[in-house]
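Take a look at the structure below.
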Amino acid sequence: MSMQQVPAHRRVVIGVDTHKHVHVAVAIDELGATLGNRSFAADTGGYLELIDWALAFGGKPTFGIEGTGSYGAGLASAVRRRDIGAIEVVRTDRRDRRLRGKSDSIDAENAARAVLAGQATAIPKTADGTVEMIRQVKVAKDIAVKARTAAMISLKQVIVNAPPQLREDLQPLSKMALINRCAALRPGQVTTILSSSKYTLRAIARRWQHLNEEISGHEKVLEQLTTQVAPDLTAAFAVGPDTAAEMLIVAGDNPERIRSEPAFARLCGVAPIPASSGMTNRHRLNRGGHRQANAALYRVVIVRMQHHEPTKAYVARRTAEGKTKAEIIRCLKRLLARELWAAMRPLRQPREASPEAA
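Quick note: the sequence shown uses the UniProt record's numbering, first residue 1, plus one each step.
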């Protein structure tokens with residue numbers, strides 16, 4: 001069956017709905033007419049087959065790919081290596097799904113039309129450098145932190161239900177003293193409630209110690225990688241490896257995809273949103289953006305409000321002007337995003353300069 005050919009000067013958009021095992025693609029021309037749709041295996045061979053299928057339509061191809069940070073990452077990388085434009089597309093809104101229904105072909109078509117209409121413009125992260133390494137280590141650390149927290153909660157719960165002589169001995173202890181005491185317990189043969197409680201407490205406490213050691217190792221790796229990539233970022237007041245990692249993860253290995261500092265602030269969820277009506281002129285918090293980055297900015301702001309003299313002076317001045325604490329924190333987070341974006345300038349400059357050098 002012959003494929004419809006598009007003139008070389010006209011645009012062709014290929015929308016792709018990505019899944020774990022199969023990707024579904026729909027091609028449309030610049031007038032919105034459907035050129036074709038097909039399913040492809042979600043592997044290296046399938047990526048190449050999909051790209052060749054898209055190029056067979058002619059024209060100027062652009063891919064609109066859903067899930068470029070998960071199931072679509074491999075396809076986005078393959079498209080980029082072929083020097084073809086790729087746009088990240090968010091999932092279709094629920095209102096459209098209620099009206100048109102839900103299928104892989106519909107989702108792929110919606111992805112293509114979002115690119116054609118200019119609603120989707122984000123360039124995917126390349127995920128091929130040190131920042132991707134930081135993201136992976138950060139995932140390992142976050143999982144370990146959650147497990148350590150769960151271990152401590154479980155330990156204290158077991159103590160609440162332990163025999164009185166054991167409970168009364170352990171409850172007054174501080175956290176580290178409690179961990180060390182429980183890890184050193186000698187339950188002997190598990191033949192009584194007391195011995196089983198000691199056995200359980202020792203197992204949980206030693207698990208906590210193991211996880212704490214693992215987290216320390218992750219933090220050392222994060223410190224090394226973040227300092228290597230953006231030393232000015234990690235040198236900022238109250239910005240540790242964890243916060244620096246969150247900022248770098250938001251920017252990605254190709255931070256030039258973020259057009260400006262205000263765009264970075266919006267990506268972090270700290271760009272103020274107008275909330276005015278009539279004669280008022282107010283703004284509110286942005287509930288969107290990267291929530292982990294937003295939380296990291298919040299933690300830095302809270303530390304600076306307590307220990308950073310310029311920030312303390314700013315808070316005093318804005319409080320005198322009648323600003324609430326929430327409004328002041330919003331302003332500080334916005335200013336901090338600007339500061340950290342400037343600290344990441346060396347990360348952007350090499351890639352920004354490369355087209356001119358070529």
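Each residue gets a CB set at the ideal place from its N, CA and C atoms; glycine is no exception.
Given the structure is predicted, the values throughout are model-derived calculations rather than measurements.
With a CB to CB cut of under 7 Å and the five nearest residues on each side skipped, what residues in its chain are close to residue i?
i, result
"Ala245", "Ile134, Lys138, Leu222 and Thr226"
"Ala183", "Arg202, Ala205, Arg206 and Gln209"
"Ala76", "Ile65, Thr68, Ala86 and Pro124"
"Ala275", "Arg282, His283 and Arg284"
From the DSSP output, in three-state form, read off residue i for me.
i, result
"Arg167", "helix"
"Val300", "helix"
"His19", "coil"
"Gly58", "strand"
"Thr149", "helix"
"Asp142", "helix"
"Ala86", "strand"
"Gly64", "strand"
"Arg338", "helix"
"Arg186", "coil"
"Ala177", "helix"
"Ala122", "strand"
"Val158", "helix"
"Val6", "strand"
"residue 405", "Absent from the model: residue 405. The displayed extent of the chain is 1 to 358, so no value can be given."
"Gly46", "helix"
"Phe237", "coil"
"Gly74", "helix"
"Ala117", "coil"
"Gly269", "coil"
"Arg291", "helix"
"Asp128", "coil"
"Ile258", "coil"
"Gly217", "helix"
"Ser103", "coil"
"Glu321", "coil"
Give me the Cα-Cα distance between residue i and residue j, rounded to the nearest whole angstrom.
i, j, result
"Pro61", "Ser103", "24 Å"
"Pro165", "Lys156", "As written in the sequence, residue 165 is Gln, which differs from the Pro given in the question. If you take the alpha carbons of Gln165 and Lys156, they lie about 15 Å apart."
"Ile179", "Leu170", "10 Å"
"Arg82", "Asp128", "15 Å"
"Thr68", "Ile159", "46 Å"
"Ala358", "Asn281", "Unreliable placement is indicated for Ala358, whose pLDDT of 33 sits below 50; no coordinate value is reported for it."
"Pro124", "Tyr199", "50 Å"
"Met29", "Val90", "One point to set straight first is that residue 29 is Asp, not Met, in the sequence displayed. Answer to the nearest angstrom: the Cα atoms are 21 Å apart."
"Thr324", "Val315", "10 Å"
"Ala235", "Leu50", "45 Å"
"Ala342", "Val301", "17 Å"
"residue 420", "Ala337", "A query on residue 420 cannot be resolved here, the shown segment of the chain reaching from 1 to 358 and no further."
"Asn212", "Ala150", "12 Å"
"Ile329", "Arg304", "11 Å"
"Gly217", "Gln224", "11 Å"
"Gln136", "Gly322", "44 Å"
"Met1", "Tyr47", "Residue confidence for Met1 is low, a pLDDT of 44 falling below 50, so the modelled location carries little weight; the figure read from the coordinates is stated next. If I take the Cα positions, the gap works out to 21 Å."
"Ile153", "Gly45", "47 Å"
"Leu340", "Asp17", "35 Å"
"Ala326", "Arg334", "13 Å"
"Pro7", "Asp253", "35 Å"
"Glu168", "Lys146", "28 Å"
"Pro346", "Gln306", "30 Å"
"Leu55", "Arg257", "25 Å"
"Ser174", "Phe237", "30 Å"
Skipping 5 residues on each side, what residues in its chain have a beta carbon closer than 6 Å to that of residue i?
i, result
"Phe63", "Ile14, Val79 and Ala86"
"Ser39", "Val22 and Val24"
"Asn286", "Gly269, Ala271 and Ile273"
"Leu116", "Val13"
"Gln5", "Gly58"
"Glu88", "Thr68, Ala122 and Pro124"
"Ser354", "A caution first: Ser354 carries a pLDDT of 43, below 50, which makes its placement in the model unreliable, though a value can still be read off. None."
If contacts are defined as beta-carbon pairs under 8 Å, then residue i and residue j qualify, I think. What distance do you get, rounded to the angstrom?
i, j, result
"Tyr71", "Ala42", "7 Å"
"Ala114", "Ala122", "No, Ala114 and Ala122 are not in contact; Cβ-Cβ is about 11 Å, not under 8 Å."
"Leu267", "His290", "6 Å"
"Leu185", "Pro163", "Contact flag wrong, Cβ pair sits at about 13 Å."
"Leu297", "Thr311", "Incorrect: roughly 13 Å between the Cβ atoms, too far for contact."
"Ala295", "Glu214", "Not quite, the Cβ-Cβ distance comes to about 22 Å (not below 8 Å), so this is no contact."
Please go through the same chain and pick out, in chain order, the residues whose beta-carbon is closer than 8 Å to the beta-carbon of residue i, but skip the five residues on each side of it.
i, result
"Met344", "Ala230, Asp232, Leu233, Met247, Leu248, Ala251 and Pro255"
"Glu219", "Lys141, Pro241 and Asp242"
"Gln228", "Thr130"
"Ala293", "Glu246, Met247, Ile249, Val250, Leu267, Cys268 and Gly269"
"Glu109", "Gly15, Val26, Ile28, Thr34 and Asn37"
"His19", "Ala42, Tyr71 and Asp104"
"Ser196", "Pro187 and Val190"
"Gly32", "Arg113 and Leu116"
Can you check DSSP and say which residues form a bridge with residue i?
i, result
"Ser39", "Val24"
"Ser34", "It should be noted that the sequence gives Thr, not Ser, for residue 34. The partner list for Thr34 (beta bridge, DSSP) reads Ile28."
"Pro274", "His283"
"Arg11", "Lys60"
Measure from the C-beta of residue i to each C-beta in chain B and report whether the shortest distance is under 7 Å.
i, result
"Ile273", "Although the question refers to chain B, the structure presented lacks it and comprises just one protein chain."
Would you check whether the ligand ATP has a heavy atom nearer than 6 Å to the C-beta of residue i?
i, result
"Phe237", "Inclusion of the ligand ATP in the displayed structure is not the case, the ligand content being empty and no account of it being possible."
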